[in-house]
Structure formats: structure tokens, C-alpha cells
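Novice:
There are 2 protein chains.
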Amino acid sequence: MAQAAIPASERRDRTRRAALTPDEIVAAAIVLADRDGLDELSMRRLAAELGVGAMTLYGQFRTKEDLLRAMADAVLVDAAPSPSPDAAWVDTARDVAVRLRATLLDHPGVAPLVARCGPIGPNALRATEAALAWLRGVGFDEHETPRVFQSLLTYVLGAVALEAPYLSSPALREQKADAMRLVYESLPASVFPNTMAMADHLFILDPEAQFTYGLELLLTGLQQRHTDVGS
Amino acid sequence: MAQAAIPASERRDRTRRAALTPDEIVAAAIVLADRDGLDELSMRRLAAELGVGAMTLYGQFRTKEDLLRAMADAVLVDAAPSPSPDAAWVDTARDVAVRLRATLLDHPGVAPLVARCGPIGPNALRATEAALAWLRGVGFDEHETPRVFQSLLTYVLGAVALEAPYLSSPALREQKADAMRLVYESLPASVFPNTMAMADHLFILDPEAQFTYGLELLLTGLQQRHTDVGS
DNA sequence: ACTCTGTCCCGTACGGCGTACGGTCCGCAG
DNA sequence: CTGCGGACCGTACGCCGTACGGGACAGAGT
Numbered sequence: 001m002a003q004a005a006i007p008a009s010e011r012r013d014r015t016r017r018a019a020l021t022p023d024e025i026v027a028a029a030i031v032l033a034d035r036d037g038l039d040e041l042s043m044r045r046l047a048a049e050l051g052v053g054a055m056t057l058y059g060q061f062r063t064k065e066d067l068l069r070a071m072a073d074a075v076l077v078d079a080a081p082s083p084s085p086d087a088a089w090v091d092t093a094r095d096v097a098v099r100l101r102a103t104l105l106d107h108p109g110v111a112p113l114v115a116r117c118g119p120i121g122p123n124a125l126r127a128t129e130a131a132l133a134w135l136r137g138v139g140f141d142e143h144e145t146p147r148v149f150q151s152l153l154t155y156v157l158g159a160v161a162l163e164a165p166y167l168s169s170p171a172l173r174e175q176k177a178d179a180m181r182l183v184y185e186s187l188p189a190s191v192f193p194n195t196m197a198m199a200d201h202l203f204i205l206d207p208e209a210q211f212t213y214g215l216e217l218l219l220t221g222l223q224q225r226h227t228d229v230g231s
Numbered sequence: 001m002a003q004a005a006i007p008a009s010e011r012r013d014r015t016r017r018a019a020l021t022p023d024e025i026v027a028a029a030i031v032l033a034d035r036d037g038l039d040e041l042s043m044r045r046l047a048a049e050l051g052v053g054a055m056t057l058y059g060q061f062r063t064k065e066d067l068l069r070a071m072a073d074a075v076l077v078d079a080a081p082s083p084s085p086d087a088a089w090v091d092t093a094r095d096v097a098v099r100l101r102a103t104l105l106d107h108p109g110v111a112p113l114v115a116r117c118g119p120i121g122p123n124a125l126r127a128t129e130a131a132l133a134w135l136r137g138v139g140f141d142e143h144e145t146p147r148v149f150q151s152l153l154t155y156v157l158g159a160v161a162l163e164a165p166y167l168s169s170p171a172l173r174e175q176k177a178d179a180m181r182l183v184y185e186s187l188p189a190s191v192f193p194n195t196m197a198m199a200d201h202l203f204i205l206d207p208e209a210q211f212t213y214g215l216e217l218l219l220t221g222l223q224q225r226h227t228d229v230g231s
């Protein structure tokens with residue numbers, strides 16, 4: 001093969017390149033997943049984006065699954081709560097939930113992976129530990145703390161799961177919008193009066209306000225529970 | 001080709017079979033997805049399960065995506081709330097949330113699709129309409145109702161998203177369990193004291209109780225909101 | 001200077017995927 | 001008997017994840 005003819009610009013500097021690091025790969029994978037959607041993320045495409053051959057990636061990740069797990073965890077740097085001593089714990093709770101949601105929605109391609117992979121990566125573990133320590137610190141006991149943590153996490157992940165698809169790729173977003181318009185225009189108003197009346201608030205408008213609403217419900221319940229149990 | 005030699009038992013009764021219906025296909029797809037996991041659901045395998053060729057399926061569904069949407073919706077028959085007139089509305093709310101979760105966990109292979117596809121199928125729309133009508137009936141106004149509905153849905157879907165992977169296939173369940181055991185055994189207890197202390201309650205034990213706990217938080221908040229706003 | 005060795009990198013190939021296309025077979029209407 | 005319309009599917013194409021084996025190159029040993 002006429003390999004000598006390949007120009008240096010496409011050869012990605014064939015002189016030893018300090019090895020393609022896992023972090024470079026993960027970063028590129030996240031960019032690709034967020035831009036084109038998770039379905040469009042293939043090992044070949046990712047490798048092409050990095051200017052290497054597909055099999056090169058398998059030097060750093062035994063499997064595509066491994067890479068996906070790494071992506072899910074990479075997104076969770078800075079997910080730990082940042083309690084300020086002079087703020088009410090409810091405000092800290094709200095803040096961490098809002099920040100986590102924002103982080104995940106910044107990475108709509110990666111968001112589905114976070115729920116699927118579970119909190120087994122180093123960043124996820126660090127954030128979990130910090131959250132648990134904080135909850136213990138504000139007066140929840142050993143039994144209550146994991147329940148509270150998990151409840152908040154559940155709500156945030158649910159909200160993201162419902163929102164992220166609309167952001168994850170132009171194609172999917174448009175397809176959803178089409179389907180919804182079609183439904184709302186051809187739906188018999190006599191059978192679905194409430195759906196029609198509240199359609200706008202149901203799915204489209206102001207997901208931020210919707211998220212806040214449910215979060216406040218949760219926090220109200222939490223506050224009550226907190227004072228009931230003691231501390 | 002020696003087609004005459006194919007026995008009738010494998011030919012699936014070549015005499016006109018009243019056409020393979022979409023519902024048969026969807027039912028078989030759900031069984032397959034729940035048994036082997038969503039990743040194992042391919043058009044070829046599904047067709048083989050039904051005793052037909054792969055391309056036969058495309059007579060009923062333009063695309064695999066269409067089939068997945070149909071599966072997501074099929075699971076939602078009976079998802080509508082069943083309010084009994086002499087029960088408190090909070091109890092009805094709890095009941096519908098618990099039932100939806102149970103339904104989705106009965107179909108761990110299909111559950112991820114429900115969040116991804118949105119409520120655009122006929123069953124989903126029927127259930128949504130019924131839920132909205134019920135909420136209006138118990139005193140939530142036009143602005144509040146979709147918020148409440150969406151908040152409950154968010155929590156249930158989040159909970160299912162966190163639980164379903166553990167049920168969706170033996171392979172994945174075992175892989176997760178392995179990863180978690182490994183983490184919990186090789187984790188430096190000095191850095192992760194809280195995670196270690198509460199590990200059992202965090203992820204493994206009694207997801208049902210965990211779900212109920214967060215649901216009660218949400219219902220407490222809802223109740224307070226309900227009395228604040230009026231009715 | 002010349003080999004040796006380890007490390008990175010990747011060309012090739014295999015089996016499986018979704019699905020476009022163009023038949024083939026059948027029961028029935030004329 | 002002939003023709004038709006619809007259910008069914010064999011084949012093929014371009015992707016996918018990834019096992020395998022080998023090529024290129026830096027530095028160590030002689």
C-alpha cells in the first residue's frame with residue numbers, strides 16, 4: 001500500500017504522540033453525543049473525529065459500554081453539593097438539584113447514560129459521599145439520609161429523562177414536535193377537553209418552571225419531615 | 001431453491017393467515033424485550049420468534065422506531081387513574097403512582113421507551129386525559145393541574161429509570177451487582193465513610209420502600225399546596 | 001551501528017444490524 | 001383459466017462492535 005504518500009496532516013503526527021488519553025476520548029465522545037445524539041455515536045465516527053483508526057480506541061476502553069460509563073461519570077465532575085454555612089439546608093438542597101439538572105441538560109446526549117449506569121464512577125461516588133455527609137450534617141439520621149438523597153435524585157433524573165430527548169438531536173426534536181402538533185390539531189376536543197386545554201403547559205412551555213414546581217413540592221415535604229423527625 | 005421440502009410446521013401455515021396483526025407483533029416484541037433486554041430486540045430476532053421473515057414486519061411498521069413507540073404505548077393500557085368517590089384524593093394519587101410504577105417495572109425492557117417517546121400514543125393520551133380530568137375534579141385549577149400531573153409523572157419515571165436496568169436482563173443485573181460489590185469492597189472507608197455506612201439502603205435494599213418514601217414527600221407537599229390554594 | 005523489545009496504532013475481517021428493492025406465492029373475482 | 005391484489009420474504013447494501021495479527025517507531029542493550 002502506498003502509505004508513504006499520506007500527508008502528515010492526515011497522519012496525525014505519526015511521531016509518538018504521548019498516547020491518546022482516555023480523557024481526550026471521553027471529551028470528544030461527549031461532544032459528539034451532545035451534538036448529534038447518542039445514537040450517532042459510533043466507535044468509527046468517534047475515532048474519525050479524533051483522527052485515528054477505530055481500533056485505537058480499544059486500547060483505552062475494553063468495550064463501548066466502558067466508554068459510555070466513563071462518559072456518564074465524566075459529566076458529574078462538580079456535581080457535589082456546595083453547602084454554604086449560612087444558608088438554610090433547604091436552599092442548599094434546591095441548589096444542588098437545580099445544578100444537577102442544568103448540568104445534565106447541558107449534555108442531553110449523555111444524560112440517559114447517567115440513570116442507566118448507576119453511580120459507580122469516581123465522580124459519582126465523590127458527589128454521593130459529599131451529599132450524604134451534608135445531609136447527615138443538617139440533621140437527617142442514618143436511616144433517613146439515603147432515602148432523602150435518593151428521592152431528590154429520582155426527581156431530577158425523571159425530569160431530565162423527560163426533557164433531554166427534546167434537546168438531544170435536531171432530528172428527534174423536530175420529530176417530536178411534529179408528532180405533538182399533529183396530535184393536538186387532530187385530536188377530538190370532545191374526548192380530550194382537558195388535554196387540549198392544558199396542552200401548552202403539559203409538555204412544551206417552560207420546563208424550568210415545571211421542574212421548580214415539583215421540586216418545591218418535594219422540598220416542602222422534606223421540610224415537614226425534617227421538623228417531625230427532629231433536629 | 002428446494003422450497004417444496006420445507007415442512008408445514010416451519011412454514012407457519014402458508015395458507016392465508018388473516019395477516020400478522022400489529023398487535024401480535026407488539027406483544028411478541030414486548031415479551032422479547034422484557035425477557036432478553038431491549039438491546040437484544042432486533043427485527044430479525046423478533047421476526048424469527050414470530051416464525052416469519054424479517055421484512056414481513058415492515059408491512060405493519062414503517063420503521064423500528066415506530067414499533068418501539070407502539071410498544072411504549074401498548075404498556076400503558078390501564079394506566080388511567082381509577083378514582084373511587086369515597087377515597088381521599090391523596091390516596092387516589094398514591095394509588096395511580098404506585099400502579100404506574102408497578103406496570104412499568106413489569107416491563108423493564110419497555111420502561112426506558114416510555115420516557116423517551118413521550119405521551120403521544122392513544123393509550124398514553126387516554127390516561128393523561130383521565131388524570132387531568134380527575135385532578136380538575138378534586139379542586140386543582142387549570143394552571144395547577146398540569147404541574148401536579150407532570151410532577152408525579154416525573155417522580156415515577158425517575159424511579160423506574162433507576163430501577164428498571166437492574167431488572168431488564170440477567171446479564172446487566174449481574175454486571176451491575178458485580179461492579180457495586182467491587183466498589184463497596186475496595187473503596188477506602190476513610191474517604192467514603194457515609195457511602196459505606198449507608199450503601200445497603202442507597203441502591204440495593206427495598207426499592208419499594210424507597211419509592212414510597214419519596215412519593216410521600218411529594219404527596220405531603222401536594223396536600224399542603226392543595227389546602228393553600230383553596231378548595 | 002545494529003538488533004531487540006515494548007508500545008502504540010490500525011487494516012482487515014466476521015457476524016449481525018436496519019431496511020430498500022424486487023420478486024414469489026396465494027386466494028379470489030371475472 | 002386468467003388476472004389481480006396483497007401478504008410474505010430472499011437478497012443486498014452500508015453500517016455497526018470488535019477479535020486478530022501485524023506494522024511503525026523510540027529507546028535500551030551490545
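Chains A and B, in that order, give the protein sequences.
With our numbering, the residue at position 43 of the first sequence is 43, and numbering never jumps.
With our numbering, the residue at position 231 of the second sequence is 231, and numbering never jumps.
Backbone N, C-alpha and C define an ideal beta-carbon position, used for all residues, glycine too.
As the structure is a computational prediction, the values presented were derived from the model and not from experiment.
If the criterion is Cβ atoms closer than 8 Å, does the pair A:A164 and A:L105 meet it?
Specialist: Taking the first residue of the first sequence as position 1, residue 164 of chain A is located at position 164. Taking the first residue of the first sequence as position 1, residue 105 of chain A is located at position 105. Yes, they are a contact pair.
Novice: Under 8 Å, Cβ to Cβ, is there at least one residue of chain B near A:F61?
Specialist: For the purposes of this step, residue 61 of chain A is taken as the residue at position 61 of the first sequence. For A:F61, the answer is no, since every Cβ of chain B falls outside 8 Å of its Cβ.
Novice: Express the C-alpha separation of B:L162 and A:A127 in angstroms, rounding to a whole number.
Specialist: Position 127 of the first sequence, counted from the first residue, corresponds to residue 127 of chain A. Position 162 of the second sequence, counted from the first residue, corresponds to residue 162 of chain B. If you take the alpha carbons of A:A127 and B:L162, they lie about 17 Å apart.
Novice: Using a Cβ-Cβ cutoff of less than 8 Å, which residues in the same chain neighbour A:L41 once the five nearest sequence positions on both sides are dropped?
Specialist: Your numbering for residue 41 of chain A matches position 41 in the first sequence. For A:L41, where only same-chain residues beyond five positions count, the Cβ hits under 8 Å are A29, L32, A33, G109.
Novice: Which residues of chain A have a Cβ atom closer than 8 Å to the Cβ of B:V183, listed in chain order?
Specialist: Here the question's residue 183 of chain B lines up with position 183 in the second sequence. Within 8 Å Cβ-Cβ: I120, L125.
Novice: Between B:L50 and the rest of its own chain, which residues show a CB-CB distance below 6 Å, the 5 nearest in sequence each way excluded?
Specialist: Here residue 50 of chain B corresponds to residue number 50 of the second sequence, with the count starting at 1. A28, listed in sequence order.
Novice: Hey, would you say B:A131 sits closer than 8 Å to B:A80, going by beta carbons?
Specialist: Here residue 131 of chain B refers to the residue found at position 131 when the second sequence is read from its first residue. Here residue 80 of chain B refers to the residue found at position 80 when the second sequence is read from its first residue. In this structure, B:A80 lies closer than 8 Å to B:A131 by Cβ.
Novice: Since A:A191 and A:R101 are thought to touch, with beta carbons under 8 Å apart, how far apart are those beta carbons, to the nearest angstrom?
Specialist: Within the first sequence, residue 191 of chain A is the residue found at index 191, counting from 1. Within the first sequence, residue 101 of chain A is the residue found at index 101, counting from 1. Here residue 191 of chain A turns out to be Val, not Ala, going by the sequence shown. So it is not a contact: roughly 34 Å between Cβ atoms.
Novice: Please list the terminal residues of the continuous alpha helix (DSSP H) segment that includes B:Y213.
Specialist: Your numbering for residue 213 of chain B matches position 213 in the second sequence. Start and end: 207-229.
Novice: Let me make sure I understand the geometry here. Which of A:D39, A:R94, A:P207, A:Y184 has the alpha-carbon closest to that of A:M196?
Specialist: In the first sequence, residue 196 of chain A corresponds to position 196, counting from 1. Cα-wise, what sits closest to A:M196 is A:Y184.
Novice: If you draw a straight line from the alpha carbon of A:D86 to that of A:V98, how long is it in whole angstroms?
Specialist: By one-based count along the first sequence, residue 86 of chain A stands at place 86. By one-based count along the first sequence, residue 98 of chain A stands at place 98. Taking the straight line joining both Cα atoms gives about 19 Å.
Novice: Three or more beta-carbon pairs under 8 Å between the stretch 217-230 of chain B and the stretch 170-178 of chain A, yes or no?
Specialist: Cβ pair count under 8 Å is below three, so no.
Novice: Where does B:P119 land, buried or exposed, given buried means 16+ other C-beta within 10 angstroms?
Specialist: Position 119 of the second sequence, counted from the start, is the residue given in the question as residue 119 of chain B. Buried, because 16 or more other Cβ atoms sit within 10 Å of the Cβ of B:P119.
Novice: Under a CB-based cut-off of 8 Å, is A:G158 close to chain B?
Specialist: Sequence index remark: in the first sequence, residue 158 of chain A carries index 158 (1-based). Yes, A:G158 counts as interfacial toward chain B.
Novice: May I have the straight-line CA-CA distance separating A:T56 from A:A47, to the nearest angstrom?
Specialist: Counted from its first residue, the first sequence places residue 56 of chain A at position 56. Counted from its first residue, the first sequence places residue 47 of chain A at position 47. A:T56 and A:A47: Cα-Cα distance of roughly 8 Å.
Novice: Pick helix, strand or coil for B:L20, following the three-state DSSP scheme.
Specialist: Position 20 of the second sequence, counted from the first residue, corresponds to residue 20 of chain B. Three-state result, B:L20: coil.
Novice: Do you know how far the Cα of B:H226 is from the Cα of B:G139?
Specialist: Start at 1 with the first residue of the second sequence, and residue 139 of chain B comes out as number 139. Start at 1 with the first residue of the second sequence, and residue 226 of chain B comes out as number 226. Rounded to the nearest angstrom, the two C-alpha atoms are 8 Å apart.
Novice: Within 10 angstroms of the Cβ of A:S9, are there 16 or more other Cβ atoms? Answer buried if so, exposed if not.
Specialist: Your numbering for residue 9 of chain A matches position 9 in the first sequence. Caution is warranted here: a pLDDT of 33 is assigned to A:S9, below 50, making its placement in the model unreliable, and the coordinate value is therefore given only provisionally. Classification for A:S9: exposed.
Novice: Considering just the uninterrupted stretch of the alpha helix (DSSP H) at B:P108, what are its terminal residues?
Specialist: Taking the first residue of the second sequence as 1, we reach residue 108 of chain B at position 108. Careful: B:P108 lies outside any alpha helix (DSSP H) and carries neither H nor E.
Novice: Suppose you measure from the CA of B:V156 to the CA of A:R45; what does that come to, to the nearest Å?
Specialist: As a first step, residue 156 of chain B must be located in the second sequence, where it is residue number 156. As a first step, residue 45 of chain A must be located in the first sequence, where it is residue number 45. Taking the straight line from one Cα to the other gives about 36 Å.
Novice: Take the Cβ of B:T21 as the centre, count every other Cβ of all protein chains shown within 10 Å, and call the residue buried at 16 or more, exposed below.
Specialist: The residue you call residue 21 of chain B lines up with position 21 of the second sequence. Exposed, by the Cβ-count rule.
Novice: Taking DSSP as the reference, what is the three-state secondary structure of A:L32?
Specialist: Counting from one through the first sequence, the residue named residue 32 of chain A turns up at place 32. A:L32 falls in the helix class under three-state DSSP.
Novice: Does DSSP put B:D78 in a helix, in a strand, or in coil?
Specialist: As a working mapping, residue 78 of chain B is identified with position 78 in the second sequence. If DSSP states are grouped into helix, strand and coil, B:D78 belongs with coil.
Novice: Taking the alpha helix (DSSP H) that B:M55 belongs to, which residues open and close that run?
Specialist: Looking up residue 55 of chain B in the second sequence gives position 55. Unbroken run through B:M55: none, as it is neither H nor E.
Novice: So with Cβ pairs under 8 Å, would you call A:R147 a contact of chain B?
Specialist: Counting from one through the first sequence, the residue named residue 147 of chain A turns up at place 147. Chain B contact via Cβ: present.
Novice: For the candidate residues A:Q150, A:W134, A:K64, whose alpha-carbon lies nearest to that of B:L205?
Specialist: What you label residue 205 of chain B is simply residue 205 of the second sequence in a count that begins at 1. Checked all of A:Q150, A:W134, A:K64; the closest Cα to B:L205 is A:Q150.
Novice: At which residue ranges does the stretch 87-170 of chain B contain complete alpha helix (DSSP H) runs of 4 or more residues, listed in the order of the chain?
Specialist: Counting only runs of 4 or more, we get 89-106, 111-117, 122-137, 144-168.
Novice: Can you tell me where the alpha helix (DSSP H) with B:T195 in it begins and where it stops?
Specialist: Reading the second sequence from its first residue, position 195 is the one you call residue 195 of chain B. Residues 193-199.
Novice: Please report the straight-line C-alpha distance between B:E142 and A:M198, rounded to a whole angstrom.
Specialist: Here residue 142 of chain B refers to the residue found at position 142 when the second sequence is read from its first residue. Here residue 198 of chain A refers to the residue found at position 198 when the first sequence is read from its first residue. Between B:E142 and A:M198, the C-alpha separation is close to 7 Å.
Novice: Less than 8 Å separating the beta-carbons of A:T103 and B:G221?
Specialist: Along the first sequence, one-based indexing puts residue 103 of chain A at 103. Along the second sequence, one-based indexing puts residue 221 of chain B at 221. No, these two residues do not count as a Cβ contact at 8 Å.
Novice: Taking all protein chains shown into account, decide if A:N194 is buried (16 or more other Cβ within 10 angstroms of its Cβ) or exposed.
Specialist: Taking the first residue of the first sequence as 1, we reach residue 194 of chain A at position 194. With 16 or more other Cβ atoms within 10 Å, it is buried.
Novice: B:A48 lies in the alpha helix (DSSP H); which residues open and close that run?
Specialist: The residue you call residue 48 of chain B lines up with position 48 of the second sequence. Element bounds for B:A48: 43-50.
Novice: Mind listing the chain A neighbours of B:S151? Cutoff is C-beta to C-beta under 7 Å, in chain order.
Specialist: Numbered from 1 along the second sequence, position 151 holds the residue referred to as residue 151 of chain B. In chain order: Y213, G214, L217.
Novice: Nearest by alpha-carbon distance to B:E216: which of A:A179, A:A189, A:L202, A:R147 is it?
Specialist: Working through the second sequence from its first residue, we reach residue 216 of chain B at position 216. For B:E216, the nearest C-alpha among the options comes from A:R147.
Novice: Which whole-angstrom value describes the C-beta separation of B:D178 and B:P122, a residue pair presumed to lie in contact below a C-beta threshold of 8 Å?
Specialist: Taking the first residue of the second sequence as position 1, residue 178 of chain B is located at position 178. Taking the first residue of the second sequence as position 1, residue 122 of chain B is located at position 122. Their Cβ separation, rounded to whole angstroms, is 41 Å, which puts B:D178 and B:P122 out of contact at 8 Å.
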